[in-house]
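Trainee: In this note's numbering, the protein residues as written are 27 to 229.
Note that CB positions come from ideal geometry on N, CA and C, so glycine has one too.
Remember, predicted model here, so these are calculated numbers, not experimental data.
Mind looking over this structure? Questions follow.
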């Protein structure tokens with residue numbers, strides 16, 4: 027009986043530890059979901075897809091990226107929010123497509139503004155958590171090559187992330203800046219939320 031009681035006690039302790047861990051994970055996931063949603067609503071991402079993984083096609087993808095950014099960023103210079111940026115981009119999709127085609131060397135180009143799921147991405151000065159973002163999507167040819175992801179509004183990918191811009195707050199900057207303040211934990215919480223959302227969406 028003593029051994030059975032000890033076994034039962036250990037079992038209850040393990041169950042309590044598992045429930046505690048589950049509770050902490052759920053709390054982190056809910057917090058991460060709120061952070062991710064708040065941040066994603068303030069950004070418009072840029073997603074350029076190469077025709078293939080051949081080296082020349084990958085190099086061409088970057089030239090198309092530069093042409094799109096050169097065209098889009100002046101248009102968005104007066105935008106004070108992601109909503110304004112989206113409206114401006116929608117009004118200028120034809121111009122963006124023409125800019126991309128000017129660098130695409132005859133390859134077919136499609137340009138859309140849509141919602142897309144993005145993985146966690148680390149850049150030189152900042153990192154962005156996985157999540158669902160408004161996305162300016164530029165596809166070259168059959169779109170079978172590797173992607174290039176960044177941000178078209180605010181223009182985080184063409185300048186150092188040192189201060190809030192384009193509607194981002196100090197808190198937003200603390201989430202994305204690579205300043206050694208625990209962004210990995212924050213991002214994991216956001217990813218947990220995404221995994222839970224995908225799990226329930228799949229039911």
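How long is the line joining the alpha carbons of residue 69 and residue 82, rounded to whole angstroms?
Mentor: Rounded to whole angstroms, residue 69 to residue 82 spans 30 Å at the Cα level.
Trainee: Does residue 171 pass the burial test, meaning 16 or more other C-beta atoms within 10 Å, or should it be called exposed?
Mentor: Looking at its Cβ environment, which holds 16 or more other Cβ atoms inside 10 Å, residue 171 is buried.
Trainee: Considering only their Cβ atoms, is the gap separating residue 181 from residue 95 smaller than 9 Å?
Mentor: Going by C-beta atoms, residue 95 is nearer than 9 Å to residue 181.
Trainee: When the Cα atoms are used, what is the spatial distance from residue 177 to residue 136?
Mentor: Rounded to the nearest angstrom, the two C-alpha atoms are 18 Å apart.
Trainee: So, do the segment 150-157 and the segment 122-137 have three or more beta carbon pairs nearer to each other than 8 Å?
Mentor: Counting Cβ pairs under 8 Å, fewer than three are found: no touch.
Trainee: Excluding the 5 residues preceding and the 5 following residue 134 in the sequence, name in chain order all residues of the same chain whose CB lies nearer than 8 Å to its CB.
Mentor: For residue 134, where only same-chain residues beyond five positions count, the Cβ hits under 8 Å are 166, 167.
Trainee: Look at residue 162 and residue 122 and say whether their C-beta atoms are less than 9 Å apart.
Mentor: A contact, by the Cβ cut-off of 9 Å.
Trainee: Going by Cα to Cα distance, which pick from 73, 139, 155 is closest to residue 112?
Mentor: The option with the nearest alpha carbon to residue 112 is 139.
Trainee: Within 10 Å of its beta-carbon, does residue 100 have 16 or more other beta-carbons around it, so buried, or fewer, so exposed?
Mentor: With fewer than 16 other Cβ atoms within 10 Å, it is exposed.
Trainee: Take residue 164 as the anchor and find which of 67, 77, 179 has the nearest alpha-carbon.
Mentor: Among 67, 77, 179, the Cα nearest to that of residue 164 belongs to 77.
Trainee: Considering only residues of the segment 65-125, which uninterrupted beta strand (DSSP E) runs meet the minimum length of 3 residues and lie entirely inside it, listed in chain order?
Mentor: DSSP runs (the beta strand (DSSP E)) wholly in the segment 65-125: 70-75.
Trainee: From the DSSP output, in three-state form, read off residue 142 for me.
Mentor: Looking at residue 142 - three-state DSSP - the assignment turns out to be strand.
Trainee: Taking 6 Å as the limit between beta carbons, can you name the residues of its chain near residue 91, skipping five residues before and five after?
Mentor: Only 74, 174 meet the Cβ criterion.
Trainee: Hey, how far is the Cα of residue 109 from the Cα of residue 93?
Mentor: Answer to the nearest angstrom: the Cα atoms are 23 Å apart.
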